[in-house]
Amino acid sequence: MKCVMNKLIKSSNIYLFTFVFAFILSKSFVVFANDEPSPDIPEGIVKISKINPDRNVGYLMGDILNRTITLDVKKPYKLIETSLPIVGYEHRYQGQVSGIELCKISHTKRENDDKTSYVIHLSYQIFTTAPVVKPAILPAEVIKFQGPASAEAKDGLVQYKIPEFYFRISPMAVFGAVKIEDDMSPLR
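First residue of the sequence shown: 223, per the numbering used here; consecutive thereafter.
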């Protein structure tokens, strides 16, 4: 009897330990999920130039859209490279998966006496279609910079929002019944 009780106590301790560990682990994720956004970077610190895709209509599923963002940032602010978007991340719009995924990112850094230039190349692939032309968006990307401490940013951490790019996705096939005779030229 004593041996059976010892086994039960040991197994219940394992279950209790597992439950406590899972509870603590789940609470730590909540802390990171509720991380407050950093204040915006002060005006005049960042100068942005964008090279967006050359058109904003006529994209199909599988197409890749390339963007190049150049940020000239006054010193002492420095880009936190871990805040750059992550390859494979699929953005959501109003709770729905957008069907646009970041498939490639690269960046370079060039320092001068009074500023640092960051050139960020972003490539997005379209994984969605619709029966009619569908509006879509390359999302605004929020990146963070480390700078001097201030009243708003006690730790010096500030953020900058790269503007979004709006475009349209074309359908893969014509929707509805099509009468070829109506669309043909009488000169044929």
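Glycine included, each C-beta is placed from N, C-alpha and C at the ideal position.
Grouping DSSP H, G and I as helix and E and B as strand, with all else coil, what is residue i?
{"i": "residue 363", "result": "strand"}
{"i": "residue 303", "result": "helix"}
{"i": "residue 350", "result": "coil"}
{"i": "residue 277", "result": "coil"}
{"i": "residue 259", "result": "coil"}
{"i": "residue 314", "result": "strand"}
{"i": "residue 308", "result": "coil"}
{"i": "residue 396", "result": "coil"}
{"i": "residue 356", "result": "strand"}
{"i": "residue 336", "result": "coil"}
{"i": "residue 294", "result": "strand"}
{"i": "residue 287", "result": "strand"}
{"i": "residue 282", "result": "coil"}
{"i": "residue 345", "result": "strand"}
In terms of residue numbering, what span does the beta strand (DSSP E) encompassing residue i cover?
{"i": "residue 268", "result": "268-273"}
{"i": "residue 388", "result": "387-391"}
{"i": "residue 328", "result": "318-333"}
{"i": "residue 380", "result": "379-384"}
Please state whether the Cβ-Cβ distance between residue i and residue j is less than 8 Å.
{"i": "residue 268", "j": "residue 338", "result": "no"}
{"i": "residue 324", "j": "residue 309", "result": "yes"}
{"i": "residue 380", "j": "residue 262", "result": "yes"}
{"i": "residue 365", "j": "residue 344", "result": "no"}
{"i": "residue 306", "j": "residue 270", "result": "no"}
{"i": "residue 367", "j": "residue 273", "result": "no"}
Given a threshold of 16 other Cβ atoms within 10 Å of its Cβ, counted over all protein chains shown, does residue i qualify as buried or as exposed?
{"i": "residue 374", "result": "exposed"}
{"i": "residue 369", "result": "buried"}
{"i": "residue 260", "result": "buried"}
{"i": "residue 299", "result": "buried"}
{"i": "residue 388", "result": "exposed"}
{"i": "residue 291", "result": "buried"}
{"i": "residue 322", "result": "buried"}
Point to revise | Touching by the beta-carbon criterion (3+ pairs, under 8 Å), the stretch 355-368 and the stretch 302-314 | key: Yes, the stretch 355-368 touches the stretch 302-314.
Check your understanding: Is it a yes or a no for the stretch 265-283 touching the stretch 377-393, going by three-plus beta-carbon pairs under 8 Å?
Key -> The stretch 265-283, when compared against the stretch 377-393, does touch it at the 8 Å Cβ threshold.
Point to revise | Given 8 Å, three or more beta-carbon pairs between the stretch 346-358 and the stretch 284-302 | key: These segments touch.
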